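Student:
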Amino acid sequence: MGFTTYPDAAAVEALIRSAGYWPTDPTKQELARIQAEIGAAAARDEWERVTGWEPFLAGAAATARTFNATDHTGFLDFEGGALSVQSVAINGQPALGVTRYQPQPQNAVSRGQAFLGIQMARYNSALLNTNFTFNGNAEFGRIEVVARWGRVAEVPGDVYQAILQKAALVVLTQIENLQSVASISQDGFSKAYDIVGIVTQKDLAAGGMGGGGIWGSSFDKIAQRWVRVVC
251 MGFTTYPDAA AVEALIRSAG YWPTDPTKQE LARIQAEIGA AAARDEWERV TGWEPFLAGA
311 AATARTFNAT DHTGFLDFEG GALSVQSVAI NGQPALGVTR YQPQPQNAVS RGQAFLGIQM
371 ARYNSALLNT NFTFNGNAEF GRIEVVARWG RVAEVPGDVY QAILQKAALV VLTQIENLQS
431 VASISQDGFS KAYDIVGIVT QKDLAAGGMG GGGIWGSSFD KIAQRWVRVV C
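Counting from 251, one number per residue, gives the positions in the sequence shown under my numbering.
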């Protein structure tokens with residue numbers, strides 16, 4: 251099952267509520283909701299930073315990005331991904347597909363991947379000379395690409411859950427002092443603990459609440475499977 255959006259603050263709140271660790275005081279709840287907004291955005295940004303896909307979730311429409319001209323290999327690295335390439339212009343003049351450029355890897359999207367860049371026809375353009383400057387002057391050539399940028403059209407279920415749980419950990423770390431200190435018994439010893447703090451530092455990170463370690467480890471493990479690699 252895929253998701254058309256990243257986890258939002260409401261999803262983060264729902265997860266923490268389901269675990270029984272959302273603040274009960276109305277004032278503290280408002281502060282926690284602010285932290286949920288921050289946590290959701292932070293987890294999403296961390297996912298894109300770690301994987302190298304920015305954005306990871308593609309938007310609905312194609313937009314333009316401008317790049318410096320390619321080096322002598324003729325390969326333009328998108329420094330991200332694209333699910334489709336609509337058009338390419340070199341210094342404002344359209345480049346024709348196939349004869350001038352080809353999205354790479356070929357057939358990537360049909361294989362469940364994304365285009366990493368385009369291969370330009372080497373030295374086959376009157377617009378760019380062998381130094382890839384425009385008309386021999388000091389201005390480097392510019393390539394504008396209109397594409398639907400992103401790695402996926404929908405966020406896979408395991409990725410969604412990993413980002414959601416990462417956001418929840420961020421929120422619990424920030425709001426762990428919002429709960430009242432209580433005397434509880436754990437591991438045979440009775441001591442006063444901050445309830446949310448003990449959950450964050452011991453239970454969640456170690457896989458408490460039936461998580462089997464997933465809250466503390468799934469984000470990094472799943473992210474590593476999605477790291478962007480240009481061969």
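Just so it is clear, CB atoms sit at the ideal spot from N, CA and C, and this is done for glycine as well.
Remember, it's a predicted structure, so these values are computed and weren't measured experimentally.
Roughly how many angstroms separate the alpha carbons of residue 365 and residue 345, rounded to a whole number?
Tutor: Spanning the two alpha carbons is a distance of roughly 18 Å.
Student: Taking the Cβ atom as the reference point for each residue, do residue 288 and residue 418 lie within a distance shorter than 7 Å?
Tutor: The answer is no: Cβ separation not under 7 Å.
Student: If we ignore side chains and look at the alpha-carbon of each, how far apart do residue 255 and residue 425 end up?
Tutor: About 25 Å.
Student: Can you look up residue 276 in the DSSP assignment and give me helix, strand or coil?
Tutor: DSSP places residue 276 in helix when its eight states are reduced to three.
Student: For the beta strand (DSSP E) containing residue 351, list its first residue and its last residue.
Tutor: Note, residue 351: beta strand (DSSP E), 351-354.
Student: Which one of 362, 397, 471 has the shortest CA to CA distance from residue 353?
Tutor: Among 362, 397, 471, the Cα nearest to that of residue 353 belongs to 397.
Student: If distances are taken between C-alpha atoms only, which option among 293, 371, 278, 264 comes closest to residue 326?
Tutor: Among 293, 371, 278, 264, the Cα nearest to that of residue 326 belongs to 371.
Student: Give the single residue among 369, 273, 408, 479 whose Cα lies nearest to the Cα of residue 253.
Tutor: Closest by alpha carbon: 408.
Student: Checking the sheet assignment: what are the DSSP bridge partners for residue 326?
Tutor: Per DSSP, 368.
Student: Return yes when the Cβ of residue 368 is within less than 7 Å of the Cβ of residue 297, no when it is not.
Tutor: Taking 7 Å as the Cβ cut-off, residue 297 and residue 368 do not qualify as a contacting pair.
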